[in-house]
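Residue numbers (the numbering used here): 10 to 239. Okay, structure first, notes after.
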Ligand SMILES: [Zn+2]
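Structure representation (structure tokens):
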């Protein structure tokens with residue numbers, strides 16, 4: 010699967026947890042964006058066997074969790090969300106693409122549908138549209154983004170640490186998608202999928218800028234502090 014399909018697929022799997030993480034919803038979405046792509050950060054040659062296996066994914070999660078927990082101390086629900094989103098990547102690639110779930114004990118690939126086929130592109134556009142409609146209609150995206158202003162320093166660090174790599178890989182894979190799509194042409198659904206890449210890139214830029222932006226509750230904090238003093 011390409012990146013928009015992965016994000017949408019993992020988003021749908023993680024929806025109950027995202028609904029649960031009400032105040033940290035922007036952070037939860039940033040987690041899904043990053044962790045739904047985690048295996049594709051190791052995508053070269055034999056490394057793809059490892060990153061698309063259960064053992065490899067567990068090791069990658071552990072390697073990312075250690076600095077993430079040390080720097081931003083996320084709530085357990087966020088770590089659960091991260092593991093579910095990363096597991097969703099393997100399910101997505103098993104459905105469209107390929108995975109080697111039992112590597113290193115077995116090199117056997119599992120595949121249901123072919124990657125980058127017409128079916129793949131159409132399904133990813135469908136998944137992404139469903140996810141985008143749910144986010145827009147039910148998850149109050151604007152309120153989630155503006156509420157970042159009330160985040161603590163550790164929550165902002167968590168947002169920064171997930172939104173930054175999500176933005177980088179979206180830019181890189183989007184460029185690669187354009188190159189690969191030159192053969193069969195970029196018409197119709199491929200153009201729509203490219204628009205999905207651009208929308209994701211934009212969202213990651215907004216999340217990243219919010220994570221380093223100014224805190225918006227300075228005034229109210231000082232009023233509360235003033236009350237405490239008097
Ligand atoms: Zn993959």
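Idealized CB from N, CA, C, for every residue including glycine.
- A residue is called buried once 16 or more other Cβ atoms fall within 10 Å of its Cβ, and residue 222, having fewer, is exposed.
- Per DSSP, the unbroken alpha helix (DSSP H) holding residue 219 starts and ends at 198-221.
- Relative to ligand 1, residue 129 has its C-beta separated by 8 Å or more from all heavy atoms.
- Nearest to residue 39 by alpha-carbon distance, out of 61, 175, 151, is 175.
- Distances between the C-beta of residue 183 and the heavy atoms of ligand 1 are all 8 Å or more.
- The continuous stretches of alpha helix (DSSP H) do not include residue 49, and DSSP gives it neither H nor E.
- Not a single heavy atom of ligand 1 lies less than 8 Å from the C-beta of residue 54.
- If you look at residue 123, you'll find it isn't in any alpha helix (DSSP H); DSSP assigns it neither H nor E.
- Here the distance from the Cβ of residue 106 to the nearest heavy atom of ligand 1 is below 8 Å.
- By the Cβ-count criterion, residue 114 is exposed, with fewer than 16 other Cβ atoms from all chains shown falling within 10 Å of its own Cβ.
- Just so you know, the alpha carbons of residue 106 and residue 124 end up roughly 4 Å apart.
- In the DSSP secondary-structure assignment, residue 108 is bridged to 119.
- Taking the Cβ of residue 48 as the reference point, at least one heavy atom of ligand 1 falls within a distance shorter than 8 Å.
- Setting aside the 5 residues that flank it on each side, residue 205 is surrounded in the same chain by 13, 137, each with a C-beta closer than 6 Å to its C-beta; the list follows chain order.
- The straight-line gap separating the alpha-carbon atoms of residue 35 and residue 26 is approximately 12 Å.
- Between residue 127 and residue 17, the beta carbon gap of about 18 Å keeps them out of contact (Cβ cut-off 8 Å).
- Residue 72 has its Cβ no nearer than 8 Å to any heavy atom of ligand 1.
- Under the criterion of beta carbons closer than 8 Å, residue 157 and residue 94 do not qualify as touching, at roughly 20 Å.
- Between ligand 1 and residue 69, a heavy atom-to-CB distance of less than 8 Å is absent.
- Linking residue 217 to residue 169 through their CA atoms gives a straight-line distance of about 6 Å.
- If you draw a 10 Å sphere on the C-beta of residue 212, you find 16 or more other C-beta atoms in it, and that means buried.
- Under the Cβ criterion (8 Å, minimum of three pairs), the region 96-111 counts as touching the region 49-65.
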